[in-house]
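In our numbering, the protein residues as written are 454 to 683.
Printed below as a string of C-alpha coordinates:
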(Lines of atoms letter the chains of each structure in order from A and count residues from 1; the text may use other names and numbers.)
(Lines give C-alpha, C1' and ligand atoms only; values in the text may rest on other atoms or scores of the structure.)
Protein backbone atom coordinates (compact mmCIF):
# COMPACT_ATOMS: atom_id res chain seq x y z
CA UNK A 1 0.00 0.00 0.00
CA UNK A 2 1.44 3.37 -1.00
CA UNK A 3 2.22 5.62 1.94
CA UNK A 4 1.63 9.31 1.42
CA UNK A 5 2.26 11.82 4.18
CA UNK A 6 -0.42 14.30 5.17
CA UNK A 7 0.76 17.68 3.95
CA UNK A 8 0.09 21.19 5.20
CA UNK A 9 1.24 24.18 3.17
CA UNK A 10 2.20 27.45 4.85
CA UNK A 11 2.46 30.56 2.67
CA UNK A 12 4.14 33.79 3.80
CA UNK A 13 6.01 36.74 2.37
CA UNK A 14 9.79 36.40 2.41
CA UNK A 15 12.51 38.97 1.81
CA UNK A 16 13.95 37.92 -1.59
CA UNK A 17 17.39 36.41 -1.27
CA UNK A 18 17.05 35.42 2.39
CA UNK A 19 16.93 31.66 1.80
CA UNK A 20 20.40 31.31 3.29
CA UNK A 21 19.15 32.94 6.49
CA UNK A 22 15.93 30.95 6.87
CA UNK A 23 17.12 27.47 5.84
CA UNK A 24 19.86 27.14 8.49
CA UNK A 25 17.38 27.98 11.27
CA UNK A 26 15.29 24.94 10.41
CA UNK A 27 18.37 22.82 9.82
CA UNK A 28 19.55 23.54 13.37
CA UNK A 29 16.26 22.74 15.08
CA UNK A 30 15.42 19.73 12.90
CA UNK A 31 18.73 18.22 14.06
CA UNK A 32 18.57 19.43 17.66
CA UNK A 33 14.99 18.28 18.31
CA UNK A 34 12.93 15.32 17.11
CA UNK A 35 9.98 16.59 15.07
CA UNK A 36 9.03 12.99 14.25
CA UNK A 37 8.08 12.42 17.90
CA UNK A 38 5.26 14.90 17.27
CA UNK A 39 4.24 13.29 14.00
CA UNK A 40 6.24 15.57 11.67
CA UNK A 41 8.31 13.38 9.34
CA UNK A 42 9.46 15.86 6.71
CA UNK A 43 9.48 19.44 5.54
CA UNK A 44 10.29 21.25 2.32
CA UNK A 45 11.02 24.98 2.25
CA UNK A 46 10.61 26.72 -1.10
CA UNK A 47 10.72 30.24 -2.46
CA UNK A 48 8.98 31.89 -5.39
CA UNK A 49 9.48 35.60 -6.07
CA UNK A 50 8.67 37.21 -2.68
CA UNK A 51 6.91 34.11 -1.31
CA UNK A 52 7.99 31.58 1.31
CA UNK A 53 6.33 28.18 1.08
CA UNK A 54 6.67 25.58 3.81
CA UNK A 55 5.37 22.09 3.07
CA UNK A 56 5.04 20.15 6.34
CA UNK A 57 4.75 16.37 6.03
CA UNK A 58 3.14 14.38 8.84
CA UNK A 59 2.55 10.71 9.59
CA UNK A 60 -1.18 11.38 9.38
CA UNK A 61 -3.79 14.13 9.50
CA UNK A 62 -3.56 15.89 12.90
CA UNK A 63 -7.37 15.75 13.02
CA UNK A 64 -6.94 11.96 13.26
CA UNK A 65 -3.76 11.72 15.32
CA UNK A 66 -4.48 14.63 17.64
CA UNK A 67 -0.83 15.71 17.28
CA UNK A 68 -1.29 19.35 16.34
CA UNK A 69 1.90 20.74 17.84
CA UNK A 70 4.81 21.75 15.68
CA UNK A 71 8.45 21.73 16.68
CA UNK A 72 9.12 22.16 20.40
CA UNK A 73 11.22 25.18 19.40
CA UNK A 74 8.40 26.79 17.40
CA UNK A 75 8.66 30.15 19.19
CA UNK A 76 12.44 30.29 18.84
CA UNK A 77 12.17 29.54 15.12
CA UNK A 78 9.46 32.15 14.63
CA UNK A 79 11.64 34.79 16.30
CA UNK A 80 14.75 33.81 14.32
CA UNK A 81 13.06 34.05 10.92
CA UNK A 82 10.86 37.06 11.76
CA UNK A 83 13.21 39.58 10.03
CA UNK A 84 12.78 37.65 6.77
CA UNK A 85 9.39 35.91 6.85
CA UNK A 86 6.14 37.81 7.43
CA UNK A 87 2.41 36.96 7.08
CA UNK A 88 0.89 36.97 3.61
CA UNK A 89 -2.90 37.15 4.07
CA UNK A 90 -4.46 40.56 4.60
CA UNK A 91 -6.67 39.01 7.30
CA UNK A 92 -3.77 37.50 9.29
CA UNK A 93 -4.29 37.43 13.07
CA UNK A 94 -2.54 34.22 14.18
CA UNK A 95 -0.22 31.52 12.71
CA UNK A 96 -3.13 29.34 11.57
CA UNK A 97 -4.03 32.04 9.04
CA UNK A 98 -0.79 31.27 7.15
CA UNK A 99 -1.93 27.71 6.43
CA UNK A 100 -3.33 27.35 2.92
CA UNK A 101 -6.69 25.60 2.47
CA UNK A 102 -6.76 22.36 0.51
CA UNK A 103 -9.70 22.44 -1.90
CA UNK A 104 -8.99 19.57 -4.30
CA UNK A 105 -7.07 16.31 -4.41
CA UNK A 106 -6.72 13.49 -6.92
CA UNK A 107 -5.09 10.11 -6.37
CA UNK A 108 -4.94 7.30 -8.93
CA UNK A 109 -6.44 3.92 -8.23
CA UNK A 110 -4.06 1.18 -7.11
CA UNK A 111 -0.48 1.37 -5.96
CA UNK A 112 2.15 3.74 -7.37
CA UNK A 113 5.97 3.58 -7.61
CA UNK A 114 7.99 4.40 -4.50
CA UNK A 115 10.27 6.66 -6.54
CA UNK A 116 8.21 9.84 -6.86
CA UNK A 117 9.00 13.53 -7.06
CA UNK A 118 7.02 16.50 -5.80
CA UNK A 119 6.75 19.76 -7.75
CA UNK A 120 5.22 22.90 -6.22
CA UNK A 121 3.58 25.30 -8.68
CA UNK A 122 2.55 28.81 -7.60
CA UNK A 123 0.18 31.20 -9.34
CA UNK A 124 -2.15 34.11 -8.66
CA UNK A 125 -5.81 33.20 -8.51
CA UNK A 126 -9.10 35.01 -8.64
CA UNK A 127 -10.34 34.97 -5.01
CA UNK A 128 -13.27 32.61 -4.64
CA UNK A 129 -12.44 30.68 -7.82
CA UNK A 130 -11.67 27.41 -6.03
CA UNK A 131 -14.80 25.62 -7.36
CA UNK A 132 -13.99 26.64 -10.94
CA UNK A 133 -10.35 25.57 -10.68
CA UNK A 134 -11.35 22.28 -9.07
CA UNK A 135 -13.84 21.65 -11.88
CA UNK A 136 -11.14 22.05 -14.54
CA UNK A 137 -8.86 19.56 -12.81
CA UNK A 138 -11.71 17.16 -12.08
CA UNK A 139 -12.52 17.02 -15.79
CA UNK A 140 -8.87 16.61 -16.79
CA UNK A 141 -8.04 14.02 -14.11
CA UNK A 142 -11.03 11.92 -15.19
CA UNK A 143 -9.27 11.29 -18.51
CA UNK A 144 -6.02 9.56 -19.37
CA UNK A 145 -3.63 12.51 -19.07
CA UNK A 146 -2.58 11.94 -15.44
CA UNK A 147 -1.70 8.29 -16.02
CA UNK A 148 0.08 9.06 -19.29
CA UNK A 149 2.24 11.73 -17.65
CA UNK A 150 2.99 9.72 -14.50
CA UNK A 151 0.93 11.79 -12.07
CA UNK A 152 0.65 9.90 -8.78
CA UNK A 153 -1.11 12.60 -6.81
CA UNK A 154 -2.40 16.16 -7.05
CA UNK A 155 -3.33 18.57 -4.26
CA UNK A 156 -4.61 22.13 -4.76
CA UNK A 157 -4.47 24.84 -2.09
CA UNK A 158 -5.49 28.48 -1.83
CA UNK A 159 -4.66 31.35 0.49
CA UNK A 160 -5.95 34.83 -0.24
CA UNK A 161 -5.03 35.36 -3.93
CA UNK A 162 -2.36 32.65 -4.09
CA UNK A 163 -2.93 29.25 -5.72
CA UNK A 164 -0.55 26.41 -4.80
CA UNK A 165 -0.48 23.17 -6.79
CA UNK A 166 1.37 20.16 -5.37
CA UNK A 167 2.08 17.74 -8.20
CA UNK A 168 3.47 14.30 -7.39
CA UNK A 169 4.85 12.24 -10.30
CA UNK A 170 6.59 8.99 -11.10
CA UNK A 171 10.22 10.07 -11.60
CA UNK A 172 10.82 8.11 -14.82
CA UNK A 173 7.56 9.10 -16.49
CA UNK A 174 8.01 12.75 -15.48
CA UNK A 175 11.47 12.77 -17.10
CA UNK A 176 10.05 11.20 -20.26
CA UNK A 177 7.32 13.84 -20.48
CA UNK A 178 9.87 16.64 -20.10
CA UNK A 179 11.96 15.07 -22.87
CA UNK A 180 8.94 14.74 -25.19
CA UNK A 181 6.63 17.52 -24.09
CA UNK A 182 5.25 18.08 -27.59
CA UNK A 183 3.23 14.86 -27.57
CA UNK A 184 1.13 16.17 -24.66
CA UNK A 185 1.12 19.86 -25.56
CA UNK A 186 -2.52 19.93 -26.85
CA UNK A 187 -3.85 18.37 -23.63
CA UNK A 188 -1.78 20.71 -21.44
CA UNK A 189 -2.83 23.69 -23.55
CA UNK A 190 -6.50 22.78 -23.08
CA UNK A 191 -6.14 22.71 -19.29
CA UNK A 192 -4.25 26.01 -19.26
CA UNK A 193 -6.88 27.63 -21.50
CA UNK A 194 -9.70 26.51 -19.23
CA UNK A 195 -7.83 27.77 -16.16
CA UNK A 196 -6.96 31.14 -17.73
CA UNK A 197 -10.04 33.02 -16.42
CA UNK A 198 -9.10 32.05 -12.86
CA UNK A 199 -5.30 31.86 -12.57
CA UNK A 200 -2.34 33.87 -13.86
CA UNK A 201 1.42 34.11 -13.24
CA UNK A 202 2.24 35.23 -9.71
CA UNK A 203 4.66 37.78 -11.15
CA UNK A 204 3.79 38.48 -14.83
CA UNK A 205 6.96 40.50 -15.41
CA UNK A 206 9.57 38.15 -16.83
CA UNK A 207 7.22 35.14 -16.98
CA UNK A 208 7.82 33.12 -20.14
CA UNK A 209 6.17 29.76 -19.54
CA UNK A 210 4.86 27.22 -17.00
CA UNK A 211 8.35 26.37 -15.69
CA UNK A 212 8.56 29.95 -14.37
CA UNK A 213 5.71 29.15 -11.96
CA UNK A 214 7.63 26.32 -10.27
CA UNK A 215 8.85 27.17 -6.77
CA UNK A 216 12.50 26.54 -5.87
CA UNK A 217 13.44 24.21 -3.02
CA UNK A 218 16.04 25.69 -0.67
CA UNK A 219 15.78 23.32 2.31
CA UNK A 220 14.56 19.77 2.76
CA UNK A 221 14.45 17.48 5.80
CA UNK A 222 13.12 13.96 6.25
CA UNK A 223 13.05 11.72 9.31
CA UNK A 224 15.27 8.88 8.12
CA UNK A 225 14.74 6.83 11.28
CA UNK A 226 10.98 6.53 10.74
CA UNK A 227 9.20 4.19 8.35
CA UNK A 228 5.45 3.68 7.81
CA UNK A 229 4.00 0.57 9.39
CA UNK A 230 3.38 -2.41 7.16
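For each residue, glycine too, the CB sits at the ideal point set by N, CA and C.
In the structure shown, residue 474 falls within a helical segment according to DSSP collapsed to helix, strand and coil.
For residue 547, no pairing in a beta bridge is given by DSSP.
Nearest Cα to residue 480 within the set 679, 674, 575, 597: 674. If you ignore the 5 residues before and after residue 475, its C-beta comes within less than 8 Å of the C-beta of 467, 498, 505, 534, 537, 538, 671, 672, all in its own chain and listed in chain order.
Where residue 506 is concerned, the enclosing beta strand (DSSP E) starts and stops at 504-511. For the options 582, 614, 604, the alpha carbon positioned closest to that of residue 622 is the one of 604.
Here the alpha carbons of residue 663 and residue 676 stand approximately 32 Å from one another. Excluding sequence positions up to five before and after residue 560, its CB lies within less than 6 Å of the CB of 606, all in the same chain and listed in chain order. When DSSP states are grouped into helix, strand and coil, residue 620 belongs to the strand group. In the same chain as residue 478, and ignoring 5 residues on each side of it, the C-beta atoms closer than 7 Å to its own belong to 530, 533, 534, in chain order.
Excluding the 5 residues flanking it on each side, residue 611 has same chain C-beta neighbours closer than 7 Å at 553, 554, 556, 578, 583, in chain order.
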